[in-house]
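Here's the structure, in structure tokens; my notes come after.
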Amino acid sequence: MSEQKGIKQPFWLGGAAASMAVCFTHPLDLTKYRMQVLQTRAPMLSTLYRFAVRDGIPSLWSGLSASVLRQSTYSTARFGLYTILSRQMQKQSGVAKLSTTSTVVCASVAGGLAGMIGNPTEVVLVRMCADAAKPPAERFLYSDAVTALVRIAKEEGVRVFGRGLSANIVRSVLMNDDRYAAAKRTILSRTELKDDIRTHALASLFAGTVATTACAPADVLKSRIQSAAKGSTVLQVVRDGLRQEGPVFLMKGWTPAWLRLTPHTVLTFVIMEKLQELVNMTAATPIPSRATV
């Protein structure tokens, strides 16, 4: 999102907007993680219905604290780092607008670094979301995200926070906003649609389909490594998955991930616009001076 009226976009804006948006899309995220760790071929609606009936509708928001914490770290870092990198590249190149290639590079580097920063909260999120899909004896039973961070550090050591890091970095590099921006530019240039919610939704749909498909294998591997009580390598997860479920296991959770991405993207950018308006209003409001005695 561009700066408005000469007022810079705060670094925390993207993370705050993503944290708010995930409150609405969390059930789809929850279902995605459960499908990724379950060794069954149950479709999305069947998985969603199964756990909703067994544990109740409110259970679809279990692990929400981890989801908000993950967005607060990963998304804040991703948006903030992209802003820093793109501004530095603009200064060095002396251009007012970056090329598509430069934009992709900045978004990919920012995504990869953000994936590293957010990996500990990703471990917590996957475990809390996948917990109910496991046998009772294998569940972690974390009460909230902060408690989970403390327990993991005490019971298993901080090295666990690095599990699935390579797969998460690959996913984060692939899952960036350049596809959304490119899709929106194409729609605006080739159709009579305006820059509104409808265009945002279409751009998110096109970009989300490509991004979800490209990221699915890395997302599945990351989830399985991070949800396990004992450490596993990427090769072990791939070998076991191919032997037990076939190549299709690499696309598990695609449907809820795809369904989640469009509303999450639209909500994030709409909320970002509204938060930016509040920032602009606050910055434009003069602060009354105190009278001296």
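Residues 1 to 293 (the UniProt record's numbering) are what the sequence shown spells out, left to right.
Note that CB positions come from ideal geometry on N, CA and C, so glycine has one too.
None of the values given here were measured: they were computed from a predicted structure.
- Closest by C-alpha distance to K184, out of F24, F269 and L165, is F269.
- The beta carbon of F11 sits closer than 6 Å to the beta carbons of G80 from its chain, once the five residues preceding and following it are set aside; these are given in chain order.
- When secondary structure is reduced to three states using DSSP, T282 falls in the helix class.
- Apart from sequence neighbours up to five positions away, the residues of its chain that approach A148 with a beta-carbon distance below 8 Å are A66, V124, R127, M128, F140 and Y142, ordered along the chain.
- Around T31, the same chain offers M44, T47, L48 and P256 as residues with beta carbons nearer than 7 Å, after the five sequence neighbours per side are excluded.
- Its Cα nearest to that of N119, the residue A77 stands out among A216, R198 and A77.
- A check of alpha carbon separations from L267 across V105, R239 and R198 identifies R198 as the nearest.
- Contact between Q9 and T83 holds, with the beta-carbon distance rounding to 7 Å and staying under 8 Å.
- A direct Cα-to-Cα measurement between T103 and L85 gives close to 9 Å.
- For P120, the uninterrupted alpha helix (DSSP H) segment begins and ends at T100 to A130.
- Boundaries for K252: no alpha helix (DSSP H) harbours it, and the DSSP string shows neither H nor E there.
- Take the alpha-carbon of E277 and the one of L13: they are about 11 Å apart.
- Per DSSP, F11 is not a residue of any alpha helix (DSSP H), being assigned neither H nor E.
- With contacts defined by Cβ atoms closer than 7 Å, G164 and I117 do not form a contacting pair.
- Per DSSP, reduced to three states, the secondary structure at R239 is helical.
- Classified as buried, G115 has 16 or more neighbouring CB atoms from the shown chains inside 10 Å of its CB.
- Taking C-beta separations shorter than 7 Å and ignoring five residues to either side along the sequence, the partners of A18 in its chain run Q71, S75 and T268, following chain order.
- The alpha carbon of L250 has as its nearest neighbour, out of L261, K222, G112 and K134, the alpha carbon of K222.
- In the DSSP assignment, E155 falls within the alpha helix (DSSP H) that extends over A145 to E155.
- In terms of Cβ geometry, C215 and R171 form a close pair [threshold 7 Å].
- Under the DSSP assignment, R224 falls in the alpha helix (DSSP H) whose first and last residues are I197 to S227.
- In the three-state scheme derived from DSSP, where H, G and I count as helix and E and B as strand, S62 is classed as coil.
- Just so you know, the alpha carbons of M272 and A201 end up roughly 15 Å apart.
- No Cβ-Cβ contact shorter than 7 Å links Q39 with G253.
- Rounded to whole angstroms, the Cβ separation of L174 and A207 is 12 Å, and the two are not in contact under 8 Å.
- Taking C-beta atoms as the reference points, G112 and I169 count as a pair closer than 7 Å.
- Between the alpha carbons of T213 and D219 lies a distance of about 10 Å.
- With respect to T262, S189 sits apart: the two C-beta atoms are not nearer than 7 Å.
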